[in-house]
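Here the sequence shown stands for residues 1 to 380, numbered as in my numbering.
Where is the CB? At the ideal position from N, CA and C, for every residue including glycine.
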Amino acid sequence: MSGAPAKKRVLQTTVAAAAAGVVVFAPLAPAPSLAQGQPQAGAPVEIRIGANAGFTRIEFAGVVGARARVRQDGRTVVVRIGTTAAPDVSRLRVDPPKGLEKIETRAAQGATELVLTLAEGAGATSGSADGAVWLNLYAPGKDGDGLRRSPVPIGGAVPVAAEIKGQQTIMRFDWSGPVGAAVFRRGEAVWAVFDHAARMQMKGEGLNGARWAAGPDFTAVRIPVEPGQAVAARAEGSTWVVTIGGTAPAPSGVDIERDDAVKASLTARMSGATRTVWLTDPMIGDRFAAVTALAPGKGLKAGRRTVDAGFLPTAHGLAVETPTDDLSVTADGDLVTVTRPRGLTLSSPTAGLEQATEGADAPRAASRPALIPADWSADA
């Protein structure tokens, strides 16, 4: 007899092997609990499904599944998985969760795409956490975004307090709820960009020269800084803390890759991406884009530059410069796509490869490979 609790034994029996991985199902629970079970060792794609009264969560884990990309266009949600072997989604086809109308699989260049069609009025959110990419499906009338209260404090002003400690200036932006942010240095200023519009009620030492501006759906704060000062950002609940000066921890969590699936593009994997905000630098006059993201902190450690776009190092979020006027920066799920109408100007994928030198003992090509002597045989 097994000493495992009955609930655990039931969950373990729900593990099903798929062609390209493992599918794990979980019953309804008070919280969106996902059955872990004992998945097939080394499964490249593991699909986990859990649900409660509020929403259904689908997780993509495994060596390949954890790098899935999610994008949404209206009622269509596309999950791109980097394997040509389509995972088993029969459970979602036979018994689709509330909010899902249908699911299909289709082949893509070097990958498989799961195409989910949402029911009219349903909603979806996505992101990545704990080594998996997740997709939350909400039934009509229960969209997760609609259930969140406004993060703007009553009165419409966000308290901003600053203090100087040693060589550091510490600024606290006290929102009333979670907001996405992008924090980075550009030239002689630090920018803090948020994905909600609000007034900034700034007070305290260390704010000399700081200016803020609000748009329809964003707020941007520009703080002049001395050359060489580092910047760091972290979230404490719904409060964003920006530290200028001292030693900043190395950021991580944002990866930039080339994507030629449709046209030459660069994609940044950044969990919790919320909005792209285009800003004009008041000192230089050029435009650049800031992409906000929810906590926890994630940033780009080293900048990257191409002919059409430049990625700045960030303490949190993403910042993109461009000399062009038709660059598009689109945040969709946990994927940020940077491209132009005809694609980016990128070098050939094989440009960095060098031709191998031919060794003296390497096999030689025949001088006349199509000429076969009449007396040739396998026994010769």
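Anticipated Cβ contact below 8 Å, residue i with residue j, distance rounded
{"i": "Ala235", "j": "Ala248", "result": "About 15 Å; that fails the 8 Å criterion."}
{"i": "Met270", "j": "Asp334", "result": "6 Å"}
{"i": "Val183", "j": "Ala124", "result": "The Cβ separation is near 28 Å, so there is no contact."}
{"i": "Ala119", "j": "Glu101", "result": "5 Å"}
{"i": "Asp332", "j": "Gln109", "result": "About 19 Å separates the two Cβ atoms, so there is no contact after all."}
{"i": "Thr56", "j": "Gly121", "result": "Thr56 to Gly121, Cβ: 15 Å. No contact."}
{"i": "Gly156", "j": "Arg199", "result": "6 Å"}
Residues near residue i by beta carbon distance below 6 Å, same chain, minus five either side
{"i": "Glu321", "result": "Phe288 and Gly310"}
{"i": "Asp260", "result": "none"}
{"i": "Ala360", "result": "none"}
{"i": "Gly272", "result": "Gly127, Ala293 and Leu294"}
{"i": "Thr314", "result": "Phe184, Gly299 and Leu300"}
{"i": "Gly141", "result": "none"}
{"i": "Leu207", "result": "Ala162"}
{"i": "Phe194", "result": "Val179, Ala181 and Thr219"}
{"i": "Ala366", "result": "none"}
{"i": "Val77", "result": "Leu116 and Ala124"}
Within 8 Å, strictly: CB atoms of residue i and residue j
{"i": "Trp175", "j": "Val160", "result": "no"}
{"i": "Leu266", "j": "Val338", "result": "yes"}
{"i": "Leu135", "j": "Val225", "result": "no"}
{"i": "Thr276", "j": "Val291", "result": "yes"}
{"i": "Ala139", "j": "Glu59", "result": "no"}
{"i": "Ala181", "j": "Gly317", "result": "yes"}
{"i": "Gln168", "j": "Gly246", "result": "yes"}
{"i": "Ala111", "j": "Ile81", "result": "yes"}
{"i": "Arg211", "j": "Trp191", "result": "no"}
{"i": "Val64", "j": "Thr83", "result": "yes"}
{"i": "Gly297", "j": "Pro251", "result": "yes"}
{"i": "Arg304", "j": "Ile256", "result": "yes"}
{"i": "Arg172", "j": "Val241", "result": "yes"}
{"i": "Thr243", "j": "Ile170", "result": "yes"}
Residues of its chain near residue i, where Cβ-Cβ distance is below 8 Å and the 5 sequence neighbours each way are ignored
{"i": "Ser238", "result": "Pro151, Asp174, Trp175, Ser176, Gly177, Pro178 and Val179"}
{"i": "Ile103", "result": "Val89, Leu92, Arg93, Pro96, Leu114, Val115, Leu116 and Thr117"}
{"i": "Gly215", "result": "Ala197 and Val277"}
{"i": "Thr357", "result": "none"}
{"i": "Ile284", "result": "Gly187"}
{"i": "Asp375", "result": "none"}
Sequence-distant residues of the same chain with beta carbon closer than 7 Å to residue i, five excluded per side
{"i": "Leu346", "result": "Arg258, Ala264 and Thr306"}
{"i": "Gly204", "result": "Ala161, Ala162 and Glu163"}
{"i": "Leu28", "result": "Residue placement at Leu28 cannot be trusted, given a pLDDT of 37 that sits under 50; what the coordinates show is reported in the next sentence. Ala51 and Asn52."}
{"i": "Thr324", "result": "Asp308 and Arg340"}
{"i": "Arg75", "result": "Thr117 and Leu118"}
{"i": "Gly62", "result": "Gly21, Ala43, Pro44, Val45 and Glu46"}
{"i": "Val329", "result": "Thr276, Ala289, Val291, Val320, Val336 and Val338"}
{"i": "Leu312", "result": "Phe184, Arg186, Gly303, Ala319 and Glu321"}
{"i": "Gln201", "result": "Ala157, Val158, Pro159 and Val160"}
{"i": "Asp326", "result": "Arg340 and Pro341"}
Residues that DSSP places opposite residue i in a beta bridge
{"i": "Phe194", "result": "Ala181 and Thr219"}
{"i": "Gln201", "result": "Pro159"}
{"i": "Leu114", "result": "Val79 and Thr105"}
{"i": "Trp175", "result": "DSSP output for Trp175 lists no bridge partner at all."}
{"i": "Gln168", "result": "Lys165"}
{"i": "Pro282", "result": "None, per the DSSP bridge assignment."}
{"i": "Thr324", "result": "Answer is none; Thr324 lacks a bridge partner."}
{"i": "Ile154", "result": "Answer is none; Ile154 lacks a bridge partner."}
{"i": "Glu226", "result": "None; Glu226 has no bridge partner."}
{"i": "Asn136", "result": "Arg57 and Thr125"}
{"i": "Pro267", "result": "In the sequence as displayed, the identity of residue 267 is Thr instead of Pro. Answer is Glu257 and Thr337."}
{"i": "Thr276", "result": "Val291"}
{"i": "Asp332", "result": "Leu335"}
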